[in-house]
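Scroll down for the structure; my scribbles are underneath it.
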Amino acid sequence: MRIPSIQALRALDSFARHGAVWSAAEELSLTRSAVSHQLRLLERDLGFGLLERVGKGIALTVRGKRYANDVRKALTMLGDAGMQHGRGLVGALTISCTPGFASLWLCTHIGEFQELYPDISLQITTPRKLDDVSDPTADAFIAYGDGNWPNCAVELLCDVEFTPLCSPALLNKLGGLAEPADAMRATLLHLGDFEDWTRWMALTRVVNPNPESGIVFSDMNLVFSAAIAGQGIAMGDELTCRTAMREGQLMRPFDAVIKATRSYYLVMGHSRAELPLLTAFATWLKSRLIEAEAVARIGL
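The working numbering runs 38 ahead of the 1-based position in the sequence shown.
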C-alpha cells in the first residue's frame with residue numbers, strides 16, 4: 039500500500055466534516071477538481087472505496103467514515119505538535135529502532151516525517167538486542183520488551199498479536215493447511231527462541247506438538263525473507279507484515295492468534311522527554327500508528 043499524502047488526508051478530513059466537495063475546497067484553498075482528485079488518489083492508495091453516490095451528490099461509505107474518523111485523530115496529533123513546536127524545528131535526532139520494525143514499518147513511513155520537518159537531520163540505528171536501550175548516542179528508542187526500563191520515560195506504542203504466516207507457494211506445495219496440526223508438515227521459522235510457536239500450539243491444542251523443530255534466526259528480517267521465499271512458516275504480526283500480505287507475498291493460513299508477551303515501546307531518558315525534536319517525532323510516530331490500527335480494523 040502506498041503511503042497517503044498529508045494533503046490527501048486533509049482533503050478527506052475536510053470533506054468528512056463538511057459533507058461537500060465545494061466546502062472542503064473553500065477551506066483548503068483548492069479547486070473542487072483538486073479536492074476530488076485528492077480523494078480519488080487516496081482511494082487508489084488505500085485500495086478501497088471512500089465515496090459512494092447518493093442522489094446527485096457523493097457521501098462517505100461506512101468504511102470511509104471509520105477511516106476518516108481515525109485520520110482526524112492522527113491529524114489532530116500532528117497539528118498539536120506543530121502548534122507547540124512549530125515546523126521550523128532545526129537539529130539532529132538519532133532514533134534506535136529494532137531491525138524488524140525499522141525495515142518493515144518505520145522505513146516505509148519515515149519520509150513523511152522528513153517532509154514535515156525538513157530541517158531535522160535524522161539518523162536511524164539498530165541495536166543488537168530488541169530491548170536494548172543502552173546506546174548513549176541515541177536520543178530515543180523504539181524497543182520491543184516488557185515495558186520495564188528503570189529510570190526511563192516509557193510509552194506504549196502498540197501491542198502485538200502473532201499468527202502463522204507463509205507464502206502462497208508453500209501453501210500450494212503442502213496441499214493446503216486444514217488444521218493447526220498441519221503446520222508441523224512444514225519447517226517452522228523462529229525468531230530467537232521457540233516461545234511463540236510453543237504458545238500458539240498450546241492455544242490451538244495441537245496433539246503431540248514439536249514447536250522446537252525448524253530454524254532459529256536472530257533477526258526478524260531473516261525470518262520473513264525465509265518465509266517469503268517459501269522456506270517455512272513464520273510467526274508474524276500484521277503491523278509489520280501488512281505490505282507483504284497485501285502484495286501476496288505472505289498469507290495467514292489460520293485464524294488463531296496469540297498476544298505477544300512483549301510490545302513496542304518508545305523509550306527515552308527523562309531529561310530528553312520534553313525536547314521539542316523528540317516530541318515532534320513521538321507525535322508523528324503515534325499518529326501514524328493510529329492510522330495503521332485504523333487500517334487493520336477495517337480489514338486491510
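We put the CB at the ideal spot given by N, CA and C, even for glycine.
Being a predicted model, the structure only gives us computed values, none of them experimental.
Item to check | C-beta atoms of I180 and L304 nearer than 9 Å | outcome: Here residue 180 corresponds to residue number 142 of the sequence shown, with the count starting at 1. Here residue 304 corresponds to residue number 266 of the sequence shown, with the count starting at 1. For I180 and L304, yes; Cβs fall inside 9 Å.
Next on the checklist: Three Cβ pairs or more, each shorter than 8 Å: is that satisfied between the segment 275-286 and the segment 167-185?
Outcome noted: no
Checklist entry - With burial defined as no fewer than 16 other Cβ atoms inside 10 Å of the residue's Cβ, what is the status of G124: buried or exposed? => result Here residue 124 refers to the residue found at position 86 when the sequence shown is read from its first residue. Because the pLDDT at G124 is just 47, under 50, the model does not fix this residue reliably, and the value given afterwards should be weighed accordingly. Exposed.
Checklist entry - Exposed or buried, what is L131 when buried is set at 16 or more other beta-carbons lying within 10 Å of its beta-carbon? => result Your numbering for residue 131 matches position 93 in the sequence shown. Its Cβ being crowded by 16 or more others within 10 Å, L131 is buried.
Item to check | Close beta carbons around T69, own chain, < 8 Å, minus the five adjacent residues each side | outcome: Working through the sequence shown from its first residue, we reach residue 69 at position 31. A63, listed in sequence order.
Checklist entry - Taking the Cβ atom as the reference point for each residue, do T296 and L227 lie within a distance shorter than 9 Å? => result Your numbering for residue 296 matches position 258 in the sequence shown. Your numbering for residue 227 matches position 189 in the sequence shown. Looking at the sequence shown, residue 296 is not Thr but Ile. No. Outside cutoff.
Next on the checklist: Looking at chain D, is there any beta carbon in it that lies within less than 9 Å of the beta carbon of T281?
Outcome noted: This model lacks chain D altogether; it includes just one protein chain.
Checklist entry - In whole angstroms, what is the alpha-carbon distance linking V245 and L168? => result Translated into positions along the sequence shown, residue 245 becomes position 207. Translated into positions along the sequence shown, residue 168 becomes position 130. Whole-angstrom Cα-Cα distance: 32 Å.
Checklist entry - Which whole-angstrom value is the C-beta distance of T164 and C135, which I expect to be below 8 Å? => result In the sequence shown, counting from the first residue as 1, residue 164 sits at position 126. In the sequence shown, counting from the first residue as 1, residue 135 sits at position 97. Contact flag correct, Cβ pair sits at about 6 Å.
Next on the checklist: Assuming E90 is part of the beta strand (DSSP E), what are its boundary residues?
Outcome noted: Counting from one through the sequence shown, the residue named residue 90 turns up at place 52. Looking at the DSSP string, the run of the beta strand (DSSP E) that includes E90 is L89 to V92.
Next on the checklist: Short of 7 Å in beta carbon distance, which residues of its chain neighbour V192, apart from the five on each side in sequence? Order them along the chain.
Outcome noted: Working through the sequence shown from its first residue, we reach residue 192 at position 154. Excluding residues within five positions, the ones whose Cβ falls inside 7 Å are G185, Y303 and V305.
Item to check | Bridge partners - M289, DSSP secondary structure assignment | outcome: Numbered from its first residue, the sequence shown carries residue 289 at position 251. DSSP output for M289 lists C204 as bridge partner(s).
Checklist entry - Under the three-state reduction of DSSP, which class applies to V192: helix, strand or coil? => result Looking up residue 192 in the sequence shown gives position 154. Residue state, collapsed to three classes: strand.
Next on the checklist: Excluding the 5 residues flanking E331 on each side, which residues of the same chain have their C-beta closer than 6 Å to its C-beta?
Outcome noted: Here residue 331 refers to the residue found at position 293 when the sequence shown is read from its first residue. Cβ neighbours of E331 beyond the five flanking positions: none.
Item to check | For G230: DSSP bridge partner residues | outcome: For the purposes of this step, residue 230 is taken as the residue at position 192 of the sequence shown. Note: G230 sits in no beta bridge, so no partner.
Checklist entry - Going straight from the alpha carbon of P61 to that of R55, what length do you get? => result One-based indexing of the sequence shown puts residue 61 at position 23. One-based indexing of the sequence shown puts residue 55 at position 17. Note that residue 61 corresponds to Ser in the displayed sequence, not to Pro. The alpha-carbon atoms of S61 and R55 are separated by roughly 9 Å.
Checklist entry - For E217, is the classification buried or exposed, using 16 other Cβ atoms within 10 angstroms of its Cβ as the cut-off for buried? => result Position 179 of the sequence shown holds residue 217. Exposed is the call here.
Checklist entry - Are there 16 or more other CB atoms within 10 angstroms of the CB of K324, so buried, or fewer, so exposed? => result Taking the first residue of the sequence shown as position 1, residue 324 is located at position 286. When all chains shown are included, K324 counts as buried.
Item to check | Residue span of the alpha helix (DSSP H) that contains Q269, given as start and end | outcome: Counting from 1 along the sequence shown, the entry for residue 269 is found at position 231. From DSSP, Q269 is part of no alpha helix (DSSP H); its letter is neither H nor E.
Item to check | Cα-Cα separation between H147 and V92, rounded to whole angstroms | outcome: Taking the first residue of the sequence shown as 1, we reach residue 147 at position 109. Taking the first residue of the sequence shown as 1, we reach residue 92 at position 54. Their Cα atoms are separated by approximately 35 Å.
Next on the checklist: Using DSSP's beta-bridge definition, name the partner residues of Y155.
Outcome noted: Within the sequence shown, numbered from 1, the residue matching residue 155 stands at position 117. Partner(s): none; Y155 has no beta bridge.
Item to check | Enclosing alpha helix (DSSP H) for M283 [first to last residue] | outcome: Working through the sequence shown from its first residue, we reach residue 283 at position 245. Looking at the DSSP string, the run of the alpha helix (DSSP H) that includes M283 is E276 to R284.
Item to check | C-alpha gap between G129 and W322, whole angstroms | outcome: The residue given as residue 129 occupies position 91 in the sequence shown. The residue given as residue 322 occupies position 284 in the sequence shown. For G129 and W322, the distance between alpha carbons rounds to 17 Å.
Checklist entry - Out of curiosity, what's the CA-to-CA distance linking L215 and A264? => result Translated into the one-based positions of the sequence shown, residue 215 becomes position 177. Translated into the one-based positions of the sequence shown, residue 264 becomes position 226. About 19 Å.
Checklist entry - How many angstroms separate the CA atom of V261 from the CA atom of F53? => result One-based indexing of the sequence shown puts residue 261 at position 223. One-based indexing of the sequence shown puts residue 53 at position 15. Cα to Cα, V261 sits roughly 42 Å from F53.
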